[in-house]
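First the structure, in the form of structure tokens, and then the observations on it.
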Amino acid sequence: MKYRILMAALSCMSFTIMAQPNLYCKNVQVSFFSKAVLENISAVNNKAVCVWELASGKIECGVLIKGFEFQKALMQEHFNEDYLESDQYPKAFFKGIVENSSSISLKEDHTIKVNVSGELILHGVIQPVHTTAIVTVKAGRVSAAVQFSVLLADYHIKIPAMAAGHIGNSIEIKLMVPEFQVMASH
Amino acid sequence: MALKKLIILALIAIVVLVGIYFVNEYFRKPADMTDQKEALMVSAEEMAQQFELNEASANKQYLGKIILVKGIVSDMSNLQDSTLNLVIGNGLHNISCQMDKRHQQLVHQIQNGDQVAVRGICVGYLMDVQLNRCVLIKYQ
Chain A
1 MKYRILMAAL SCMSFTIMAQ PNLYCKNVQV SFFSKAVLEN ISAVNNKAVC VWELASGKIE
61 CGVLIKGFEF QKALMQEHFN EDYLESDQYP KAFFKGIVEN SSSISLKEDH TIKVNVSGEL
121 ILHGVIQPVH TTAIVTVKAG RVSAAVQFSV LLADYHIKIP AMAAGHIGNS IEIKLMVPEF
181 QVMASH
Chain B
187 MALKKLIILA LIAIVVLVGI YFVNEYFRKP ADMTDQKEAL MVSAEEMAQQ FELNEASANK
247 QYLGKIILVK GIVSDMSNLQ DSTLNLVIGN GLHNISCQMD KRHQQLVHQI QNGDQVAVRG
307 ICVGYLMDVQ LNRCVLIKYQ
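If you read the protein sequences in the order shown, they are chains A and B.
Sequential numbering of the first sequence, starting at 1, is according to the working numbering.
Sequential numbering of the second sequence, starting at 187, is according to the working numbering.
Here it is in structure tokens:
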């Protein structure tokens with residue numbers, strides 16, 4: 001019994017010390033969508049990784065290009081071989097800052113909009129990205145959703161003339177973080 | 187005259203065959219790992235270690251290839267689109283296998299600690315080594 005009380009006291013203490021924990025999630029869903037005349041193109045990757053330092057607002061996300069699954073095999077092959085050249089550039093990253101990150105309380109349930117800015121590294125090209133994220137805190141659990149669009153030309157993604165009419169110039173990228181885990185402190 | 191007819195028929199046949207080929211290609215689904223042959227067979231520990239030591243050379247060996255991985259299941263979870271995910275290995279970095287939705291029934295019979303063999307496509311290394319479209323080959 002004494003042990004239990006001690007453990008409870010300790011866990012409370014560690015909570016106050018860790019008021020601004022580092023968060024991570026290994027099963028972030030990244031999906032993209034491109035509207036075009038002939039057909040829409042969409043793909044999903046369920047295992048992107050995000051790490052977020054609440055105190056500083058620093059956030060980093062990574063995703064494996066070959067991990068995007070399409071409905072059609074041919075699209076997936078073209079995506080990897082011709083457009084994103086995933087043998088050469090196997091990953092995409094986002095590195096940025098969440099504004100006012102340190103003021104986000106994990107104790108009360110709420111949903112807020114935060115500005116996120118940083119850079120996206122895709123197809124070996126670095127470009128700035130500014131967007132807003134919706135962060136939800138519910139019973140101490142933190143989830144988040146972000147949406148932004150990128151121009152293919154900005155990332156030197158060339159669409160062959162033959163396919164030009166089938167693929168839109170910009171794609172909409174969506175990130176869904178189902179639940180951040182608290183990183184074990186050192 | 188008969189020759190002309192024959193040529194026209196042959197041309198029509200070619201056009202139809204080419205058409206069928208393109209339509210099939212267009213609607214082709216990503217390959218099913220149950221009836222594919224793996225390029226490499228490896229234990230979860232060895233594969234994870236190779237990526238930890240030298241990601242670039244491990245990528246050369248595994249990236250985009252069909253791999254059969256053997257090891258002990260340490261975690262099972264549902265991903266956001268309800269696909270099952272198995273983690274094989276119990277190290278700092280493991281093999282994270284996203285199962286093929288079409289063949290998930292078998293997976294429900296296994297639990298943490300079981301020895302399994304899984305076939306899937308290696309899509310790279312991001313904290314864990316990720317395999318996609320995995321199917322369970324056998325379990326004990």
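Just so you know, even glycine gets a beta-carbon here, dropped at the ideal spot from N, CA and C.
| Asked | Found |
| --- | --- |
| Who are the near neighbours of Leu84/A in its chain, counting only those whose CB is closer than 6 Å to its CB and skipping five residues on each side? | Ile65 and His123 |
| Going along the chain, which residues of the stretch 282-312 of chain B sit with their C-beta nearer than 7 Å to a C-beta in chain A? | Ser282, Gln284, Val309, Gly310 and Leu312 |
| Between the C-alpha atoms of Ile167/A and Ala303/B, what's the straight-line distance to the nearest angstrom? | 39 Å |
| Pick out whichever of Lys256/B, Gln291/B, Glu241/B and Phe208/B has its Cα sitting closest to the Cα of Asn276/B. | Lys256/B |
| Can you grab the Cα-Cα spacing for the pair Ala230/B / Phe93/A, in whole Å? | 26 Å |
| For the stretch 187-194 of chain B against the stretch 22-32 of chain A, do three or more pairs of beta-carbon atoms, one drawn from each stretch, fall closer than 8 Å, so that the two count as touching? | no |
| Give me the Cα-Cα distance between Glu238/B and Val309/B, rounded to the nearest whole angstrom. | 15 Å |
| With distances taken Cα to Cα, identify the nearest neighbour of Lys174/A among Phe180/A, Ile159/A, Thr132/A and Lys138/A. | Thr132/A |
| Secondary structure at Glu238/B, three-state DSSP: helix, strand or coil? | helix |
| What do you get for Tyr248/B, buried or exposed, if any count of 16 or more other CB atoms within 10 angstroms of its CB means buried? | buried |
| I need the straight-line Cα distance from Leu312/B to Ala36/A, nearest angstrom please. | 32 Å |
| Considering only DSSP beta bridges, list what Lys95/A is partnered with. | Glu60/A and Glu119/A |
| Comparing alpha-carbon positions, which option in Gly140/A, Ser102/A and Ala139/A lies nearest Glu53/A? | Ser102/A |
| With H, G and I counted as helix, E and B as strand and the rest as coil, what does DSSP make of Asp82/A? | helix |
| Which residues in chain B sit within 8 Å of Glu69/A, going by Cβ to Cβ distance? | Pro216, Asn318 and Arg319 |
| Hey, quick one: how far does the alpha helix (DSSP H) through Tyr212/B stretch, first residue to last? | Ala188 to Phe213 |
| Label Leu38/A either buried or exposed according to how many other C-beta atoms from any shown protein chain fall within 10 Å of its C-beta, with 16 as the threshold for buried. | exposed |
| Establish whether the CB of Met162/A and some CB of chain B are separated by less than 8 Å. | no |
| Less than 8 Å separating the beta-carbons of Asn245/B and Gln284/B? | no |
| Can you tell me the Cα-Cα spacing of Asp82/A and Val273/B, whole angstroms? | 31 Å |
| Give the DSSP bridge partners of Gln290/B, in chain order. | Per DSSP, none; premise fails for Gln290/B. |
| Where Leu254/B and Met233/B are concerned, what is the direct C-alpha to C-alpha distance, given to the nearest angstrom? | 11 Å |
| Alpha carbon to alpha carbon, what distance is there between Leu292/B and Asp300/B? | 13 Å |
| Once DSSP output is grouped into helix, strand and coil, what is the label at Thr269/B? | coil |
| Thr220/B and Val315/B: beta carbons closer than 8 Å? | no |
| Give the residues of chain A in contact with Gln266/B, contact being defined as C-beta atoms less than 8 Å apart. | Asn27, Gln29, Asn46, Met176 and Pro178 |
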